[in-house]
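Enquirer: A single structure is presented below for examination.
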Amino acid sequence: MSGYELIMKNYSQVSYFNLTAYFDTGTLKYMYFILVLSLYLSVIAANVLLIVLICVNRSLHEPMYLFLCSLFVNELFGSSAVYPVLLLQILRDIHTVSAPFCFLQIYTGHTYACVEYTLLAIMSYDRYLAICYPLQYNQCMASQKVFLLVALSWFYPFILIIILISLSAPLQRCGNIIHKVYCDNYSIVKLACSDTTVSNIYGLLMTVMVVFIPLFFILYTYMRILKVCFSGSKQTRHKAVSTCTPHLASVINYCFGVCFEVFQSRFNMDNVPNMLRIFLSLYWLTCQPLFNPLMYGLNMSKIRIICKNLFLFRLS
1 MSGYELIMKN YSQVSYFNLT AYFDTGTLKY MYFILVLSLY LSVIAANVLL IVLICVNRSL
61 HEPMYLFLCS LFVNELFGSS AVYPVLLLQI LRDIHTVSAP FCFLQIYTGH TYACVEYTLL
121 AIMSYDRYLA ICYPLQYNQC MASQKVFLLV ALSWFYPFIL IIILISLSAP LQRCGNIIHK
181 VYCDNYSIVK LACSDTTVSN IYGLLMTVMV VFIPLFFILY TYMRILKVCF SGSKQTRHKA
241 VSTCTPHLAS VINYCFGVCF EVFQSRFNMD NVPNMLRIFL SLYWLTCQPL FNPLMYGLNM
301 SKIRIICKNL FLFRLS
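Laid out in structure tokens, this is it:
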């Protein structure tokens with residue numbers, strides 16, 4: 001075996017990665033730890049509360065709320081990809097992560113992103129049917145179809161991400177430095193010193209399938225909804241605003257976070273302050289799981305009324 005082949009073999013067997021975006025905060029690390037822990041506990045409490053409310057109240061066993069329940073489960077799943085790692089790394093002086101755990105984080109984080117986009121697209125389709133075809137809604141959204149759509153929103157991304165990691169994990173790596181606070185697939189691929197053509201092509205195809213196609217579908221359904229609203233009655237417009245506002249806010253908020261993360265990975269962001277860059281790179285994984293339950297809990301009248309009655313019952 002030549003010296004070059006030996007070096008390449010050693011590089012491909014990298015057992016850990018250095019996360020260089022962390023910096024020494026001194027005694028402030030305990031304050032950051034408490035803030036992140038409080039945020040994580042809030043995410044768990046808010047999402048679990050709404051999941052339980054939807055499951056135990058038969059009045060909420062409607063397609064829209066069942067899709068919401070699946071969305072809240074995904075928020076818990078996605079937040080588990082980053083919060084525990086953040087809490088651990090904040091208290092550590094050496095910011096490394098083992099290769100297997102790094103790929104596990106990539107799997108959970110990327111799966112969360114794909115499921116989120118798929119569910120948001122399905123929910124826009126649900127609102128489109130409810131507003132544009134109210135008389136056929138119950139027939140179009142039968143329980144079997146709802147179950148099929150929920151299963152598809154989870155199964156489809158799981159398979160896509162398994163293929164993605166199976167392409168990036170065997171790559172020979174020429175380093176172990178990741179300039180972020182968590183692992184992502186693109187950072188791993190950039191470390192490769194072997195041919196990454198197949199991995200890059202698949203990554204682009206997957207981005208089109210799980211990001212651009214769902215976004216195009218969401219835009220299409222909202223164009224149809226707006227058309228019906230402008231030509232419909234005041235009651236139709238009120239229904240559209242009350243049920244579509246939280247969903248549209250969730251889509252915009254999530255797209256903002258994901259777009260910044262994509263731009264940061266592809267372009268030079270050295271001019272952006274380090275703390276702001278870290279916050280915005282984590283936004284889609286940390287703030288969206290809290291934004292969704294708060295937005296839907298405050299704006300969906302049925303959920304708001306049930307929460308209010310439950311609070312009054314506890315007080316009495």
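Using UniProt numbering, read the sequence shown as starting at 1 and increasing by one per residue. Backbone N, C-alpha and C define an ideal beta-carbon position, used for all residues, glycine too.
1) For a test of the three-state rule: what should DSSP assign to N274, helix, strand or coil?
2) Pull up the distance between the alpha-carbon of T118 and that of V85, whole angstroms please.
3) According to DSSP, which residues form a beta bridge with N18?
4) Spell out the partners DSSP gives A192 in its beta bridges.
5) Here's a check: name, in chain order, each residue in its chain whose Cβ is nearer than 6 angstroms to the Cβ of Y4, leaving out the five neighbours to either side.
6) Below 8 angstroms CB to CB, which residues in the same chain sit around T221 once its five sequence neighbours on both sides are set aside?
7) Let's see if you can read the secondary structure: which residues bound the alpha helix (DSSP H) around L160?
8) Output yes or no for whether 8 angstroms exceeds the beta carbon distance between M300 and P246.
9) Counting along the chain, where does the alpha helix (DSSP H) carrying F67 start and finish?
10) What number of angstroms, rounded off, separates the C-alpha of Y133 from the C-alpha of S79?
11) Name the two residues that bound the continuous alpha helix (DSSP H) containing F230.
12) In three-state DSSP terms, what is L91?
13) So, for H179: in the same chain, excluding its five sequence neighbours on each side, which residues have a beta-carbon less than 8 angstroms away from its beta-carbon?
14) If I follow the unbroken alpha helix (DSSP H) through Y202, where does it start and stop?
15) Applying the criterion that 16 or more other CB atoms from any shown protein chain within 10 Å of the CB defines a buried residue, is M64 buried or exposed?
16) Once DSSP output is grouped into helix, strand and coil, what is the label at M300?
17) Rounding to the nearest angstrom, what Cα-Cα distance links N10 and S98 in this structure?
18) Is DSSP giving G26 helix, strand or coil here?
19) Identify, in the order they occur along the chain, each residue of the same chain with its Cβ nearer than 6 angstroms to the Cβ of L298, setting aside the five sequence neighbours on each side.
20) Apply the 10 Å Cβ neighbour rule to residue 329 and answer buried if 16 or more other Cβ atoms are within range, or exposed otherwise.
21) Report the option in A45, V43 and S281 whose CA atom is closest to the CA atom of V258.
22) Whole angstroms are fine: how far does the CA of A45 sit from the CA of P293?
23) Kindly give me the distance between the Cβ atoms of V82 and Y182, rounded to whole angstroms, as I take these residues to be in contact under 8 angstroms.
24) Return the chain-ordered list of same chain residues with a C-beta closer than 6 angstroms to the C-beta of S199, the five sequence neighbours on each side being excluded.
Expert: In short, the structure shows the following:
1) helix
2) 26 angstroms
3) T96 and I177
4) R173
5) For Y4, the pLDDT reaches just 36, beneath the cut-off of 50, and the residue's location in the model is therefore unreliable, leaving the point undetermined.
6) S124, Y125, R127 and Y128
7) S143 to S168
8) yes
9) P63 to S79
10) 36 angstroms
11) I213 to S231
12) helix
13) T20, A21 and S187
14) T197 to T207
15) buried
16) coil
17) Unreliable positioning characterises N10 in this predicted model, as indicated by a pLDDT of 42, which lies under 50. The coordinate reading is nonetheless provided below. Straight-line Cα distance between these residues: approximately 16 angstroms.
18) coil
19) none
20) Here the chain has residues from 1 to 316 only, and residue 329 is not among them.
21) S281
22) 10 angstroms
23) 5 angstroms
24) L167, S168 and V189
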